[in-house]
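**Student:**
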Amino acid sequence: MAGAPSGMFANQPPGPPPPPGPPGGPGPAGLIPPPAGLRNPNNTLVDELEASFEACFASLVSQDYVNGTDQEEIRTGVDQCIQKFLDVARQTECFFLQKRLQLSVQKPEQVIKEDVSELRNELQRKEALIQKHLGKLRHWQQVLEDISVQHKKPAEVPQGPLAYLEQASANIPAPMKQT
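This is the structure we're talking about:
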């Protein structure tokens with residue numbers, strides 16, 4: 004997208020009307036339009052999202068809530084702030100999804116380029132993961148080979164009924180002479 008999305012930022016004309024939502028659904032593209040009078044025409048979705056986030060944060064650290072004794076009132080206020088934030092976040096997400104849909108209709112080659120780029124990045128990530136696992140595999144193969152070599156050395160000792168006894172007695176330290 005070369006320019007800023009229309010309708011989201013101040014001083015820009017709104018884009019084409021959104022596609023109609025499902026039959027019987029609320030508002031365009033399934034969105035519930037904000038109640039009349041609550042939305043300032045100079046505010047954008049980003050401004051509303053920021054303000055609702057700040058309200059959520061403020062409600063959690065407000066002295067009114069800290070000193071308040073009615074837990075149900077506090078919970079209701081926080082829930083309302085969080086719900087408003089979630090509603091504005093959904094509206095913002097819908098806006099970007101609509102712009103993405105418009106882009107895919109107007110410039111399908113751009114979508115294909117992005118998909119190819121994502122696939123290349125995924126292949127590079129998986130190739131790095133394969134190399135990492137190959138390194139670990141080589142390490143453990145070397146460990147197993149070293150263990151195998153160590154187990155072959157005792158087999159070189161002559162076999163016989165007394166061979167084990169001779170080997171065991173060789174490992175016993177000689178008694179120390181007392182002087």
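In the numbering used here, the protein residues as written are 4 to 182.
Using N, Cα and C, we set each Cβ at its ideal position, and we do this for glycine too.
Report all residues from its chain with a CB closer than 7 Å to the CB of glutamate 51; omit the five preceding and five following residues, and keep chain order.
**Tutor:** Translated into positions along the sequence shown, residue 51 becomes position 48. Once the five neighbours on either side are set aside, the close Cβ partners of glutamate 51 are Val91.
**Student:** Please classify phenylalanine 88 as buried or exposed, where buried requires at least 16 other C-beta atoms within 10 Å of its C-beta.
**Tutor:** Taking the sequence shown and counting its residues from 1, one reaches residue 88 at position 85. Buried, since its Cβ has 16 or more Cβ neighbours within 10 Å.
**Student:** I need the DSSP call for serine 55, collapsed to helix, strand or coil.
**Tutor:** What you label residue 55 is simply residue 52 of the sequence shown in a count that begins at 1. It is helical.
**Student:** Taking a contact to mean a Cβ-Cβ separation below 8 Å, would you say leucine 106 touches glutamine 113 in this structure?
**Tutor:** The residue labelled residue 106 in the question sits at position 103 within the sequence shown. The residue labelled residue 113 in the question sits at position 110 within the sequence shown. Yes. Within cutoff.
**Student:** Between the segment 79 to 88 and the segment 58 to 67, can you find at least three pairs of beta-carbon atoms closer than 8 Å?
**Tutor:** yes
**Student:** Helix or strand or just coil, what does DSSP make of proline 176?
**Tutor:** Along the sequence shown, one-based indexing puts residue 176 at 173. Here proline 176 sits in coil by DSSP.
**Student:** Taking C-beta to C-beta, are leucine 48 and glutamine 94 nearer than 8 Å?
**Tutor:** Start at 1 with the first residue of the sequence shown, and residue 48 comes out as number 45. Start at 1 with the first residue of the sequence shown, and residue 94 comes out as number 91. In this structure, glutamine 94 lies closer than 8 Å to leucine 48 by Cβ.
**Student:** Would you report the Cα separation of leucine 147 and arginine 141, rounded to the nearest angstrom?
**Tutor:** Here residue 147 refers to the residue found at position 144 when the sequence shown is read from its first residue. Here residue 141 refers to the residue found at position 138 when the sequence shown is read from its first residue. In a straight line, the C-alpha of leucine 147 is about 10 Å away from that of arginine 141.
**Student:** Jot down the residue ranges of each uninterrupted alpha helix (DSSP H) in the segment 55 to 128, minimum 4 residues, whole runs only, in chain order.
**Tutor:** 66 to 70, 74 to 109
**Student:** Starting from the C-beta of glutamate 121, find all residues in its chain whose C-beta is less than 8 Å away, skip the five residues before and the five after it, and write them out in chain order.
**Tutor:** Within the sequence shown, numbered from 1, the residue matching residue 121 stands at position 118. Nothing meets the Cβ criterion.
**Student:** Count the other CB atoms within 10 Å of the CB of phenylalanine 99; is the residue buried (16 or more) or exposed (fewer)?
**Tutor:** The residue labelled residue 99 in the question sits at position 96 within the sequence shown. Exposed.
**Student:** Output needed for glutamate 117: all residues of its chain with C-beta closer than 7 Å, excluding positions within five of it in sequence on either side, in chain order.
**Tutor:** Residue mapping note: residue 117 aligns to position 114 of the sequence shown, counting from 1. Around glutamate 117: no qualifying Cβ.
**Student:** Tell me the DSSP secondary structure of glycine 163 in three-state form.
**Tutor:** Against the sequence shown, residue 163 aligns to sequence position 160. Correct three-state label for glycine 163: coil.
**Student:** If you drop the 5 nearest sequence neighbours on each side, which residues of the same chain put their C-beta closer than 7 Å to that of glutamine 74?
**Tutor:** As a working note, residue 74 is residue 71 in the sequence shown. Once the five neighbours on either side are set aside, glutamine 74 has no close Cβ partner at all.
**Student:** By Cβ distance below 6 Å, which residues in the same chain neighbour alanine 58 in space, the five residues on each side in sequence not counted?
**Tutor:** Within the sequence shown, the letter at position 55 stands for residue 58. Cys84, listed in sequence order.
**Student:** Alanine 166 to methionine 179, Cα distance in whole Å?
**Tutor:** Mapped onto the sequence shown, residue 166 falls at position 163. Mapped onto the sequence shown, residue 179 falls at position 176. So the two alpha carbons sit approximately 25 Å from each other.
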